[in-house]
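Here is the structure we will look at, set down as structure tokens.
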Amino acid sequence: MNHLVSMRNVSKADILELINLAEKIETGKVRPDLSKRLGALLFFEPSTRTYFSFDTAIKRLGGRSLAMSGSGSTSVKKGETLADTLMTISQYADFIVMRHKIEGAAQFASEILDIPVINAGDGTNQHPTQAMLDLYSIYKTQGSLENLKIAMIGDLRLGRTVHSLAQALSDFNPTFYFASPRHLQMPKYIKDELRAKQIHFEEIEDIKPIMPELDIMYVTRIQKERFAVLEDYEKVKDAYIIDNKILENVKSNFKLMHPLPRVNEIKPEVDSNPHAYYFPQAKNGVFMRQAIISKIMKLV
Amino acid sequence: MNDKKQLRVDPIKNGTVIDHIAAGKALQVADILNLKNPENLIMIGINLSSNKIGKKDIIKIENRKLSKDEVNSIALISPNATLIIIEDYKVISKQKITLPEKIRKHLICPNPNCVTNVEQVTTKFQIANQNPVEVRCEYCEKTYRIENVKFRF
Chain Y
67 MNHLVSMRNV SKADILELIN LAEKIETGKV RPDLSKRLGA LLFFEPSTRT YFSFDTAIKR
127 LGGRSLAMSG SGSTSVKKGE TLADTLMTIS QYADFIVMRH KIEGAAQFAS EILDIPVINA
187 GDGTNQHPTQ AMLDLYSIYK TQGSLENLKI AMIGDLRLGR TVHSLAQALS DFNPTFYFAS
247 PRHLQMPKYI KDELRAKQIH FEEIEDIKPI MPELDIMYVT RIQKERFAVL EDYEKVKDAY
307 IIDNKILENV KSNFKLMHPL PRVNEIKPEV DSNPHAYYFP QAKNGVFMRQ AIISKIMKLV
Chain L
1009 MNDKKQLRVD PIKNGTVIDH IAAGKALQVA DILNLKNPEN LIMIGINLSS NKIGKKDIIK
1069 IENRKLSKDE VNSIALISPN ATLIIIEDYK VISKQKITLP EKIRKHLICP NPNCVTNVEQ
1129 VTTKFQIANQ NPVEVRCEYC EKTYRIENVK FRF
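If you want it as structure tokens, here you go:
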């Protein structure tokens, strides 16, 4: 693995290898050494969580980071092409972590640069390190990725996280339940891919009847910034709200996940519920990103 | 019946015949081959009757051989067309064209937020579905029905 751009290019064996490595890093069984290496964090789009998670991962591996957040302060604003910006920064850094609103930007970067590229989100397309940390979280809480019943709810149309995750899990024989407002349903191409792999999925409106069967519920935020018309956002923003009551009949192994940030789709009362897992999930992100950096930098 | 068809579309001496084009698609194929400003003899038949596929279109172009890219692009529009090479009025080769696995360069990604529409990048598409033909951009990973994708030569 030279780059991590899209979950499409990550095999089942790669997934299991990265999970295994993340676990070893978390438990201190391996300590990859990134000292004297420099990672450039190129966040052309603002981010808090992913940015800090990568920065933490680099520093915990003993490496150092170059940071850029937002394109306002850079030559991008002066009209420089993305290619030129990337080529220049690749002269300084040993690897690049990039987030960009243009879809395919990371794939493009991986083709023109001779240093490793990690995609930290490209528009509505991919966010593979999020998918990997989600897989690690599922693995840690369920002991396996195989044969799980997983519900994804919220914005399934524009939320890139759920696309990458559904694709990645499709190698592990899951049963999916998709619940979303009508205009925010899982895109046809994802459903076609699942059908082609004979993955069982159902699109549902009411989540209550399936709660006792689920192993994982993955909630996503209805993303205000992806709506052109605010009125449309207001209509759907409260479509699904998770509270302690709806979690009353879940299985003991059930975990509630969310990529964060949340707005009001999970009530704060749920935070202390033993089934809530979104903050540990964020912590898992650091271990998984350490594993990904170690792998593409060939430290292990 | 065959005699009548011969009268409608004359044979060519040297060149290429694209036969069994899906009925009504010949003008789109002509667009791909940039036949709007012809230098050579060209015959385009639309909605001809065919024993094989009911109705078909056909294009005959004198003194022209098609590139692999051009044939691949025609396959996207009419996957069951037949490519016939003519030399001195004789059929030198006749083959069914096939859908390529990948298409480089000649398709324009319809997604305005795709990097191929922002930076200088050669587009690359994969066939996502054969019937109806759908292609997936290798950059933004969006999938489109072929009739919604523009060609560029």
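Here the protein sequences line up with chains Y and L, keeping their order.
Take the working numbering: the last position of the first sequence gets the number 366, and nothing is skipped along the way.
Take the working numbering: the last position of the second sequence gets the number 1161, and nothing is skipped along the way.
Each residue gets a CB set at the ideal place from its N, CA and C atoms; glycine is no exception.
Put residue i into one of helix, strand or coil per three-state DSSP.
i        : result
G351(Y)  : helix
D1011(L) : Note that D1011(L) scores 49 on pLDDT, short of 50, meaning its location in the model is unreliable; the coordinates nonetheless yield the value given after this. Note: D1011(L) maps to helix in three-state DSSP.
I1050(L) : strand
V1123(L) : helix
D281(Y)  : coil
E1095(L) : strand
I273(Y)  : coil
I1116(L) : strand
E212(Y)  : coil
Y306(Y)  : coil
N1080(L) : helix
L70(Y)   : strand
I1100(L) : strand
L365(Y)  : coil
D188(Y)  : strand
K263(Y)  : coil
E169(Y)  : strand
F118(Y)  : helix
In chain Y, which residues lie with their C-beta within 7 Å of the C-beta of residue i?
i        : result
N1119(L) : E169
Identify the contact partners of residue i in chain L, using a Cβ-Cβ distance below 8 Å as the criterion.
i       : result
V74(Y)  : The question names Val, but residue 74(Y) is Arg in the sequence shown. In chain order: E1149.
T147(Y) : E1127 and Q1128
Q173(Y) : V1123, E1146 and Y1147
K243(Y) : Note that residue 243(Y) is Tyr in the sequence shown here, rather than Lys. Residues of chain L passing the Cβ test: none, with the nearest at roughly 23 Å.
What's the C-alpha gap between residue i and residue j?
i        : j        : result
S236(Y)  : E1155(L) : 29 Å
I332(Y)  : V366(Y)  : 38 Å
S77(Y)   : L70(Y)   : 12 Å
S1075(L) : K1098(L) : 20 Å
G209(Y)  : N86(Y)   : 12 Å
D337(Y)  : K1150(L) : 36 Å
S119(Y)  : A133(Y)  : 13 Å
M363(Y)  : H324(Y)  : 29 Å
F267(Y)  : T207(Y)  : 22 Å
L313(Y)  : Q251(Y)  : 23 Å
D80(Y)   : Q1134(L) : 23 Å
L1091(L) : E83(Y)   : 48 Å
A88(Y)   : F353(Y)  : 5 Å
R1072(L) : A1031(L) : 23 Å
H193(Y)  : A1136(L) : 21 Å
D1027(L) : L1056(L) : 10 Å
T227(Y)  : I1100(L) : 54 Å
R287(Y)  : R1112(L) : 37 Å
E146(Y)  : K167(Y)  : 16 Å
I124(Y)  : K349(Y)  : 14 Å
Y117(Y)  : G170(Y)  : 19 Å
Y344(Y)  : I91(Y)   : 20 Å
F242(Y)  : I216(Y)  : 5 Å
N1119(L) : R1160(L) : 15 Å
E1142(L) : D258(Y)  : 11 Å
A149(Y)  : I181(Y)  : 14 Å
N1059(L) : E269(Y)  : 45 Å
I299(Y)  : N185(Y)  : The sequence as given places Tyr at residue 299(Y); Ile does not occur at that position. Their backbone Cα atoms lie some 28 Å apart in a straight line.
A294(Y)  : R1153(L) : 25 Å
Q1103(L) : K1158(L) : 26 Å
K1044(L) : D1096(L) : 25 Å
K301(Y)  : R1144(L) : 32 Å
Based on the DSSP secondary-structure assignment, which residues constitute the bridge partners of residue i?
i        : result
Y243(Y)  : A217(Y) and E268(Y)
C1145(L) : F1133(L)
K183(Y)  : According to the sequence shown, residue 183(Y) is Val rather than Lys. In DSSP, V183(Y) forms a bridge with I162(Y).
T286(Y)  : According to DSSP, which records beta bridges pairwise, T286(Y) is partnered with nothing at all.
M134(Y)  : L108(Y)
I1026(L) : I1067(L) and L1091(L)
A342(Y)  : L322(Y)
T1151(L) : R1144(L)
I1111(L) : F1133(L)
For a contact meaning CB atoms closer than 9 Å, what does residue i contact in chain Y?
i        : result
V1141(L) : Result: empty, since nearest Cβ-Cβ is about 14 Å, beyond 9 Å.
Residue i versus chain L: which residues are under 7 Å apart at the beta carbon?
i       : result
N191(Y) : C1148 and E1149
Y343(Y) : Under the 7 Å cutoff, chain L gives no residues; its nearest Cβ is about 28 Å from Y343(Y).
Using a cut-off of 9 Å between C-beta atoms, extract the partners of residue i located in chain L.
i       : result
Y306(Y) : Those within 9 Å of Y306(Y) in chain L number zero; the least Cβ separation is about 26 Å.
Stretch-stretch touch, CB-based, cutoff 8 Å, three pairs: the segment 1027-1040 of chain L with the segment 1085-1101 of chain L
Proximity of the segment 1027-1040 of chain L to the segment 1085-1101 of chain L meets the contact definition, three or more beta-carbon pairs being nearer than 8 Å.
Taking 8 Å as the cut-off, does the segment 161-174 of chain Y touch the segment 105-116 of chain Y (at least 3 CB pairs, one atom from each stretch)?
As far as the Cβ criterion goes, the segment 105-116 of chain Y touches the segment 161-174 of chain Y, which means the pair count is three or higher.
How do the segment 275-286 of chain Y and the segment 312-321 of chain Y stand: do at least 3 beta-carbon pairs fall below 8 Å, yes or no?
Flag = yes, the segment 275-286 of chain Y and the segment 312-321 of chain Y touch.
Should the segment 351-360 of chain Y be called in touch with the segment 1054-1065 of chain L, which here means at least 3 C-beta pairs below 8 Å?
Judged by pairs of C-beta atoms under 8 Å, the segment 351-360 of chain Y does not touch the segment 1054-1065 of chain L, as fewer than three such pairs exist.
Across the segment 163-182 of chain Y and the segment 1114-1130 of chain L, are there enough close Cβ pairs to call them in contact, namely three or more that are closer than 8 Å?
Contact holds: three or more Cβ-Cβ distances are below 8 Å.
Flag this pair as touching only if the segment 121-136 of chain Y and the segment 94-103 of chain Y have three or more C-beta atom pairs under 8 Å; answer yes or no.
Segments in contact, yes.
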